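Please read the structure below before turning to the comments.
Protein chains: 6
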Amino acid sequence: MYFHTQQLINEIAVDQPDPAAANALQEGLGGQFGEMRTMMQYLFQSINFRGKAKPYHDLIHAVAVEEISHVELIGTTISRLLDGASESLPKMGAGKGGTPLKNALSEGNIHHFLVGAQGAMPVDAAGNPWLGSYVYNSGNLTLDLLYNLMLESTGRLQKCRIYEMTDNATARSTISFLIVRDHAHELVFAKALESLGVNWGKILPIPNFDATQFPEVRKLMDTGLHLQQHHWRLDGSEMAKIFSGSSPANDGATVETSDSPPTGFPMQPAPERPEEFGPGLPPELKELVDQIAAMGENI
Amino acid sequence: MYFHTQQLINEIAVDQPDPAAANALQEGLGGQFGEMRTMMQYLFQSINFRGKAKPYHDLIHAVAVEEISHVELIGTTISRLLDGASESLPKMGAGKGGTPLKNALSEGNIHHFLVGAQGAMPVDAAGNPWLGSYVYNSGNLTLDLLYNLMLESTGRLQKCRIYEMTDNATARSTISFLIVRDHAHELVFAKALESLGVNWGKILPIPNFDATQFPEVRKLMDTGLHLQQHHWRLDGSEMAKIFSGSSPANDGATVETSDSPPTGFPMQPAPERPEEFGPGLPPELKELVDQIAAMGENI
Amino acid sequence: MYFHTQQLINEIAVDQPDPAAANALQEGLGGQFGEMRTMMQYLFQSINFRGKAKPYHDLIHAVAVEEISHVELIGTTISRLLDGASESLPKMGAGKGGTPLKNALSEGNIHHFLVGAQGAMPVDAAGNPWLGSYVYNSGNLTLDLLYNLMLESTGRLQKCRIYEMTDNATARSTISFLIVRDHAHELVFAKALESLGVNWGKILPIPNFDATQFPEVRKLMDTGLHLQQHHWRLDGSEMAKIFSGSSPANDGATVETSDSPPTGFPMQPAPERPEEFGPGLPPELKELVDQIAAMGENI
Amino acid sequence: MYFHTQQLINEIAVDQPDPAAANALQEGLGGQFGEMRTMMQYLFQSINFRGKAKPYHDLIHAVAVEEISHVELIGTTISRLLDGASESLPKMGAGKGGTPLKNALSEGNIHHFLVGAQGAMPVDAAGNPWLGSYVYNSGNLTLDLLYNLMLESTGRLQKCRIYEMTDNATARSTISFLIVRDHAHELVFAKALESLGVNWGKILPIPNFDATQFPEVRKLMDTGLHLQQHHWRLDGSEMAKIFSGSSPANDGATVETSDSPPTGFPMQPAPERPEEFGPGLPPELKELVDQIAAMGENI
Amino acid sequence: MYFHTQQLINEIAVDQPDPAAANALQEGLGGQFGEMRTMMQYLFQSINFRGKAKPYHDLIHAVAVEEISHVELIGTTISRLLDGASESLPKMGAGKGGTPLKNALSEGNIHHFLVGAQGAMPVDAAGNPWLGSYVYNSGNLTLDLLYNLMLESTGRLQKCRIYEMTDNATARSTISFLIVRDHAHELVFAKALESLGVNWGKILPIPNFDATQFPEVRKLMDTGLHLQQHHWRLDGSEMAKIFSGSSPANDGATVETSDSPPTGFPMQPAPERPEEFGPGLPPELKELVDQIAAMGENI
Amino acid sequence: MYFHTQQLINEIAVDQPDPAAANALQEGLGGQFGEMRTMMQYLFQSINFRGKAKPYHDLIHAVAVEEISHVELIGTTISRLLDGASESLPKMGAGKGGTPLKNALSEGNIHHFLVGAQGAMPVDAAGNPWLGSYVYNSGNLTLDLLYNLMLESTGRLQKCRIYEMTDNATARSTISFLIVRDHAHELVFAKALESLGVNWGKILPIPNFDATQFPEVRKLMDTGLHLQQHHWRLDGSEMAKIFSGSSPANDGATVETSDSPPTGFPMQPAPERPEEFGPGLPPELKELVDQIAAMGENI
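Sequences listed follow chains A, B, C, D, E and F, in order.
FYI, in numbering that gives the first Met the number 0 the residues of the first sequence are 0 to 298.
FYI, in numbering that gives the first Met the number 0 the residues of the second sequence are 0 to 298.
FYI, in numbering that gives the first Met the number 0 the residues of the third sequence are 0 to 298.
FYI, in numbering that gives the first Met the number 0 the residues of the fourth sequence are 0 to 298.
FYI, in numbering that gives the first Met the number 0 the residues of the fifth sequence are 0 to 298.
FYI, in numbering that gives the first Met the number 0 the residues of the sixth sequence are 0 to 298.
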């Protein structure tokens, strides 16, 4: 069973709307190697897990649960990058037939303005809808771990490329966080394979470059965020039996399973967008809604 | 941020393997109107929610979180229905080239045995992979609620049909639970629309028939399970401002938002399936894994 | 603008339900070379037609309009083949939790019983949904005509194969009619290409065999149904300028454009299927509906 | 059986070519909530209709037939918006290897110039092909009507957004007409559900805003176009038993079923586009075609 | 540039037609981890290869070229398994309207008989068409090699499962050959990663079991077929710089790059199938064709 | 069995990077009528060929093999058009967090920079992945030949349109070559149908215009490249029995089957792209690779 607290797993920096950057981030949400895919892949691997090797199950599932929070984070980031990318409503003008959404014709994915109301969608940066056949779960433990390592590495590679596409601070705050967490997840799966006898030599992390040349990433790596993994369980986990001790990157660092969840960050409500008819209630219905919102709880 | 406890939201009854029933249940997991879709649709609606009507946001999100546990439940159920549907390994025989998986050619979805290792997959009962374009999130509050009502009703309709396709107890224990919870979710979204002024007359629930004619469903409805909704938040929710008081079905019943999560049920590890090479470790690697599993925690 | 009369373009013979045959016929409805595709392809070619060669436009559009009636015919046929394929309701039994839909697990496409209510769907015989990218409209007149000839020939080929898969009279009455009409449509497009200078020698129709060896087909060919094409226009057409005179099959036959629509056949309402919850109204709502149905018209 | 008259259901205003606007309109043609989808959904619901409630069947089918004319209208509009968006042929120049189609690289959907010949396609505004799985036909009458109401409302929402993206007069003349007709169709399905006991309060139409602030829409609403529905039958219909009397929007208006089709508008042939090789006949073949076109009819 | 000799890369054993086995083999041809995918993935990786590490390029490309021959082999095998699965023509009977293709309704993929003429198709065992998004080519050398190792291992895993589904000798002769070649390809990519410093310990091959318990596989492994790789170049290759010496499986074996292609096996023409209209020429056209076939070459 | 020589089938001219042109060329590679499709379609038709008409088999297969080299050519061309389209690395700057890939947000397909490393992908110009259902192989010889003729004509039509979209010399050198080869392939299939009795009159080639108005095309046609077809077999072919003598275009030209392969052109290695992490090895691993590359062959 799953539970939620109303906090984001990382803080989203404030910057201008940027629908083209929002579209690039869609790859990290709904792309073949994005967060929806890691989330669903690890959920299915956990559900279908075979055998008594509970520490391996718990290790895969720990990452699965974290990915749901990543979907929440990157989805919210895309929504903020889109919000206000239309022109302001006054330009539209009552009774005048203006074109407040005309930007939609030339930037990013037109569906962000036409199908959604300036919000995230389950598609990739080229507009392809997410596909169930992305999910890999062979049932062979070695193969599933190997695929997961490759998957996290590809996710990190793509996010490094997105980093190089935009310097919008809203986009970069989330992308940098995910570069570091994908790094941690690479180590998680590499360590599990190390426990089966593989020595990774010097190939980790993949891509193997000095990510601290990205200033926003450096700040996070300086806190050791790439070396830790919380288990996201309210009732304990056995993953620490695997994920602890020397890093599988063979660089002298130490990895550790943390028993405490990271500090969260408050979620902000998004404003109304009348030009999108979102939420789009007429005055008399909005009044009903406001009355309900103003009630004491648990009436 | 999301958390997990190692419990299932309902108990799964024990019965014989049944790959044809497993395949029918795939519609409830990976179908256009299945649990993956409700989960993702409500997650996106929560992430992209606009305006200050927090009780409406919390109401949608409450169902979203529950759906993750439904994915876990129905996925596990499918896995159990498949497990052991192959012939036993001895028939295969070392060095003899037997055909322990020959049933895969004639029953259910061959991918359950060929791509997965007798486990659930993100596809529907006709084998189509889950598709991101299923997710509906117009950003217009009235429309999103109306769609959600229709979605839950269709989910319940399809599960009633699945109920009529198989009397396997494993399948029915989960299908019956979901029929009742879809019923509750219909009432959740109908109540929200009622708060905007709609009177549903006598059309609810949809399909509108006496579901207690299904004995397994009756047992659950007798406990009032179709009239309650927990918010699945560790830090509170405002959904009770909407979901409380008279049922929108206009039948004299009372609905309520519950502050306590339901009792969970223990999760059982699935056995090894050598004929699927799942987990498929050779003896020397299995020994390594067993040593790790036997360690004290948090080494 | 389009209009309708409540008649089927051919009569559907009565026979037993047969979900496997229904599934085979889905190829003729929603397959890559089925009626939905011919209908949409010719509609798009008509809409996007360039140049002053109106007889060519009218010729393509004549077939387009006929195809809508073919979709209606084959869809209705599939619906009849499915209807009653479930076990009768009494076996299900009030309060007893029976399995009237259990046949759905082993025959044809389970979606016919689970997603639809024993009705036709826009999918092919392998369950793939119809796809917009099937539609071919290059805008080059020669190529569009050449593709259309190939398309009709492939449709006819596949229907001849379906004929050889089942002798259910319901299925065969429609399949035989469509074999003959695809034959006519082959001649329509071949004649248009002949007007551009092509001599088809002896290759028509494709596949080139004696279709009168299929008795139900022979009966229709004996009436010359494969040599005529109505224009389906209430306000005239210029297609006769092309489609008249000697057959492009070079077999001595004469083709003609008919100014009168063929005689239609009455449409029969389908019965209720309580086990599918279709239409699924509870008694009190059914009473409301019956009152409306009993009213004089135009109240 | 279906018939056609050579008239458009609304007039298309003349304006400059605009491939970006054409692309936006594709959502209204081939999108998940566009005219191809409503057309196919209602056709399937009509074909598979169960039970004796003929007025409900006729009501659904009336909208189905109108949607075929909408496909014709919006397809033609897209074709006109594209036509001439390439540079004129002289810039290309015989023997000089010019680039008359270079605009295709930077505006709208490149397929409009590369796969089609500046004509409409069965895809949405993000280039995804139309998909059969869009069609919803559960067979449960209440659910099908509820879905249809949601579908028309979403169609109207999206068209209102497209209206705000472009002020090209060609695009707006069709979009405004469809906004008003979707409004009417919302009332049609809402009225049918009202007949089953639902009171819609004040939520209709969805999105609920003053659409007369769009001048082109106001002009059409002033004629009451949003309150009428023709049945498109040459042999009568029973839909008036449902669709007549007070509007389900509870605003004092009256809705009515009309027995006469609306006045149509003449269809214009599109010019040749040599740079697209459309129709692309060489001089000697064009001469053959011209001779045929010049013949008296019915030779 | 590519060339061909009219030989199969392995011999196909003779056995009875078996459409269900044919369908299982489709996963190995058109599935996500089948031969079409490995072929296309390695071709793209070769085309887009960056940097001067030619031995790595040549190693990837060597496998790419072999995979084209694997597509040829498994496609031909499927075709042979299907051939004759229909009933013999006499049962159909001239003028009698028999059903020689009725088996198509109940076994394997109906498209094998309806869309194809008892021949292989580019789809998987669940009927999903092959998809371009399967192809992985990140451009990062480490990642591409890691993915390729995982891909070959998954291919081998699936083929081992198919082996356990059928003992048809035609199917097994090809499946066993591919199990052994996937084994070799695992070693090829593992060796390349070893050259970058990875020590695979004891996890190879994946799945790690004694494949010689499959008698048909043992026979091939006894020849060392799993330890060799030819480069398929008419003008030399540098792959031997990587693929030679000790096996990356750390089992004491030696791998080697072979400069000579393996011995091929003759290709057999498939018989005519009149009930499929394949090739389906009428007598007078068949006579023309026979005359051409009887001509001396190079007329 | 297939073999390779390290040569391109045509020379690629040098010009500036141009991602928009690269994207247009994707239609010719991964589009519905592109080279991947012709290659796979003819391979499947060859594998599944029925009957003794070997010259027809060899004719289809000759084109199949050539198409593999076309995939190699156009893929390499796309890769060159993309290469360097990002800004140079110094702009990115170590430790400075630059945006060398920012062009990816506004030109062509963002996946070229985000999913691939400035390399070709198996998608079309609108970003849709290649689909197995494109492949047509009815098994009826007349139909397969007719489809192939239409396919080559459509390929040539689309390439003529791409020619008119860009004058980048890299793009045009390959597009012009493919226009001429598609022309030849049209004649190949038209000639085969002529041998069955069809007289094509004056409709060939399609589109029927003076392609020598494109200067790059004229240069190639002046060599007669559109009238020849090599068989790409190391062990002979019977296709010359069909493809020789007068052109089926009835223009007095003569077509011929050539026994010698055309002269090839050297392949150039692509440079490293650090901003894409391609190949992306860190210095110490690059050193290992360089040592291997420097070895004598066949160590």
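Glycine included, every Cβ here is placed at the ideal spot set by N, Cα and C.
Computed from a predicted structure; not experimentally measured.
Candidates the options, of which the one nearest residue i by Cα
i                : options                               : result
VAL13 (chain D)  : D:HIS56, D:ARG79, D:VAL64             : D:ARG79
HIS229 (chain A) : A:MET220, A:ASP221, A:ALA239          : A:ALA239
PHE264 (chain C) : C:GLU106, C:SER172, C:ILE11, C:GLU274 : C:ILE11
ASP123 (chain A) : A:PRO278, A:SER105, A:ALA21, A:ALA252 : A:ALA21
MET120 (chain C) : D:MET39, D:LYS285, D:GLU193, D:PRO204 : D:MET39
HIS225 (chain C) : C:LEU233, C:SER236, C:THR211, C:GLY83 : C:THR211
GLN5 (chain B)   : A:MET0, A:SER132, A:LEU177, A:GLY96   : A:MET0
SER236 (chain E) : E:VAL62, E:HIS3, E:PRO18, E:GLN44     : E:VAL62
GLU275 (chain C) : C:SER132, C:GLY107, C:PHE112          : C:PHE112
GLU185 (chain D) : D:ILE77, D:ILE202, D:HIS56            : D:ILE202
Short CB-CB distance (under 8 Å) between residue i and chain C
i                : result
THR165 (chain B) : yes
VAL13 (chain B)  : no
ILE77 (chain B)  : no
Cβ of residue i within 8 Å of any chain A Cβ
i                : result
VAL114 (chain F) : yes
ASN47 (chain E)  : no
Environment of residue i [buried if 16+ CB atoms lie within 10 Å]
i                : result
ILE8 (chain F)   : buried
THR256 (chain B) : buried
PRO270 (chain E) : exposed
ASP209 (chain D) : exposed
THR222 (chain E) : exposed
ASN147 (chain B) : buried
GLN15 (chain E)  : exposed
Contact with chain B by residue i, beta-carbon distance below 8 Å
i                : result
PRO206 (chain D) : yes
Residue i at chain D interface by Cβ criterion, 8 Å
i                : result
GLY83 (chain A)  : no
HIS110 (chain A) : yes
GLY107 (chain C) : no
Cβ of residue i within 8 Å of any chain E Cβ
i                : result
LEU100 (chain A) : no
GLU286 (chain B) : no
Query raised in the report: Taking only runs of the alpha helix (DSSP H) that begin and end inside the segment 129 to 212 of chain D, which ones reach a length of at least 4 residues, in chain order?
Result: Those alpha helix (DSSP H) runs which fall completely within the segment 129 to 212 of chain D and span 4+ residues are 140 to 162, 168 to 193.
Query - Segments of 3+ residues assigned as beta strand (DSSP E) that fall wholly inside the segment 212 to 267 of chain D - result: Secondary structure remark: continuous beta strand (DSSP E) runs of at least 3 residues inside the segment 212 to 267 of chain D, in chain order: 227 to 229, 253 to 257.
Query raised in the report: What residues from the segment 175 to 199 of chain D come within 7 Å of chain B, judged by C-beta to C-beta, listed N to C?
Result: Legend: CB atoms of the segment 175 to 199 of chain D lying less than 7 Å from CB atoms of chain B belong to residues LEU195, GLY196, VAL197, ASN198, TRP199.
**Report entry** Where the segment 18 to 34 of chain A meets chain F: residues whose CB sits under 9 Å from a CB there
**Finding:** Flagged, chain order: ALA19, ALA20, ASN22, ALA23, GLU26, GLY30, GLN31, PHE32.
Report task. Mind checking the segment 115 to 136 of chain F against chain D and listing, in chain order, the residues whose C-beta falls within less than 9 Å of any C-beta there? Result -> Along the segment 115 to 136 of chain F, going in chain order, the ones with a CB nearer than 9 Å to a CB of chain D are ASP123, ALA124, ALA125, GLY126, ASN127.
Query - chain E contacts made by the segment 211 to 238 of chain A, where a contact means CB separation under 9 Å - result: So the list is empty, because no residue satisfies the distance condition.
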